[in-house]
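Written below as structure tokens is the structure these notes are about.
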Amino acid sequence: MPTYAIGDLQGCHAEFVALLDTLSFDPRRDRLWLAGDLVNRGPGSLDCLREVHALGDAASVVLGNHDLHLLAVARGAVSAKRSDTLAAILEAPDRSSLLDWLQAQPLWVDDGSASDRRTLMVHAGLLPVWSLSQAHERAREVEAVLRSEGAGAFLDVMHGNAPERWQDDLEGNDRLRAIVNAFTRMRFVAADGTLDFKAKEGLDSAPGGYAPWFTYPRQDDPRIVFGHWAALQGQIPGARVRAEALDTGCVWGGTLTALDLDLDLDSGRRISVPCRAPQ
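Set out below in structure tokens:
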């Protein structure tokens, strides 16, 4: 029963289908982890949502920043951006069931192991100042709100950069927003846990005093599967944690990549399909 992890789909439905075909993926036998950002930018966001939703228990998904943006737009919390490709979802007859399903997805998926060496998946990364147990608990805080009657009120105020630095005594919406930003928007972080939201390119774009989150050592040793950072092209030089970068920029003309999670970090097999056409 192979388990494959796939990076950001971002509406690249044709490539998603091609990758599943290349893997000979069978939902009756195999399992799929999807690292968030199922939608937006690409031309097939609605088809991606429908495809993943139809996989049922064969697919495990974490929420990415574009998925949360879709929920906020759909619930009227923010306006769509000119670059968004979400209209087909918002106008679809099955809109409600798809959005309700998406809103129930977690920020964190793991292999069920209690070990500090567990394999886990998040969209952007794991904040270095959090232990595994703290990170897991904080993911559950946001998930509980998104699945509650208070979800709409939080989506109304979810967008924003403040607070930029995590503090344990944060409360209310500030706390929830900081958790969401760490799990879904993080790239560069300072040693005290302050996030930078401006630099989005490669490693050489790090602002002074900031470094990629995966270059900070951890006391625990999880295997961290993540997406979000297309400019890395799946490479994480200087990493001081066991991590796998899966966003290889399909929506920007790159590739869509799957990783065979049943193999160890050194021998993990990557399978990619090219973008069908530059976006």
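Going letter by letter, the sequence shown gives residues 1 to 279 in UniProt numbering.
All C-beta atoms in this analysis are idealised placements derived from N, C-alpha and C, irrespective of residue type, glycine included.
Inset, instruction - State buried or exposed for S267, treating a residue as buried only when at least 16 other CB atoms are found within 10 Å of its CB. - result: Low per-residue confidence applies at S267: pLDDT is 48, beneath 50, and the placement is therefore not dependable enough to give any value.
Legend entry - Closest by C-alpha distance to L126, when choosing among V273, H53 and H228: Closest option to L126, Cα to Cα, is H228.
Inset, instruction - Can you check DSSP and say which residues form a bridge with S60? - result: As a beta-bridge residue in DSSP terms, S60 pairs with W33.
Inset, instruction - With a threshold of 16 other CB atoms inside 10 Å of the CB of N65, please say whether the residue is buried or exposed. - result: With 16 or more Cβ atoms within 10 Å of its Cβ, N65 is classed as buried.
Legend entry - Distance, D116 Cα to P207 Cα: Roughly 31 angstroms separates the two Cα atoms.
Legend entry - For A114 and Q219, the rounded distance between their alpha carbons: Roughly 15 angstroms between the two C-alpha positions.
Inset, instruction - Round the Cβ separation of G11 and P43 to the nearest angstrom and send it over; I've been treating them as touching at under 8 angstroms. - result: Indeed they touch by this definition, with Cβ atoms about 6 angstroms apart.
Legend entry - Nearest-angstrom Cα separation, counted from G150 out to R175: R175 and G150 have their alpha carbons spaced roughly 15 angstroms apart.
Legend entry - Whole runs of the alpha helix (DSSP H) within the segment 117–162, excluding any shorter than 4 residues: Here the runs fully enclosed are 132–146 and 151–157.
Inset, instruction - Please report the Cβ distance between P274 and T255, rounded to the nearest whole angstrom; I am assuming they are in contact, meaning their Cβ atoms lie under 8 angstroms. - result: Contact check for P274 and T255: beta-carbon distance about 5 angstroms, within the 8 angstroms limit, so the pair qualifies.
Legend entry - Three-pair Cβ contact test at 8 angstroms for the segment 209–226 versus the segment 17–27: Not touching, per the Cβ criterion.
Legend entry - DSSP three-state assignment for T85, whether helix, strand or coil: Assignment of T85 by DSSP, reduced to helix, strand and coil, places it in the coil class.
Inset, instruction - Verify whether the separation of the beta carbon atoms of A124 and A182 is less than 9 angstroms. - result: Against a cut-off of 9 angstroms, the Cβ pair of A182 and A124 comes out as a contact.
Inset, instruction - To the nearest angstrom, report how far apart C48 and A80 are at their CA atoms. - result: Note on geometry: alpha-carbon atoms of C48 and A80 lie some 19 angstroms from one another.
Inset, instruction - Check each candidate in Q103, R118 and H159 and name the one with the smallest Cα separation from V145. - result: Answer by Cα proximity: Q103.
Inset, instruction - Would you identify the three-state DSSP class for R75, choosing helix, strand or coil? - result: In the three-state scheme derived from DSSP, where H, G and I count as helix and E and B as strand, R75 is classed as coil.
Legend entry - Whether L246 touches V225 by CB criterion (9 angstroms): In this structure, V225 lies closer than 9 angstroms to L246 by Cβ.
Legend entry - Contact check, L155 vs L68, beta carbons under 9 angstroms: Yes, they are a contact pair.
Inset, instruction - Identify every run of the beta strand (DSSP E) within the segment 178–222, keeping only runs that are complete inside it and at least 3 residues long; order them along the chain. - result: Taking 3 residues as the shortest admissible run, the segment 178–222 contains no complete beta strand (DSSP E) segment at all.
Legend entry - Inter-residue CB distance, R187 and A199 (contact presumed, cutoff 8 angstroms): Yes, R187 and A199 are in contact; Cβ-Cβ is about 7 angstroms, under 8 angstroms.
Legend entry - Separation of M121 from S221, as counted between CA atoms: The displayed chain sequence assigns Asp, not Ser, to residue 221. If you draw a straight line from the Cα of D221 to the Cα of M121, it comes to about 14 angstroms.
Legend entry - Through-space distance from A92 to Q279, alpha-carbon basis: The predicted model places Q279 with a pLDDT of 48, which falls under 50 and marks its position as unreliable; any figure quoted below should be read in that light. Using only the alpha carbons, I get a separation of about 23 angstroms.
Inset, instruction - Would you decide whether Q167 is buried or exposed? Buried here means 16 or more other CB atoms lie within 10 Å of its CB. - result: By the 10 Å Cβ count, Q167 comes out exposed.
Legend entry - Sub-9 angstroms separation of L107 and V142 beta-carbons: The answer is yes: Cβ separation under 9 angstroms.
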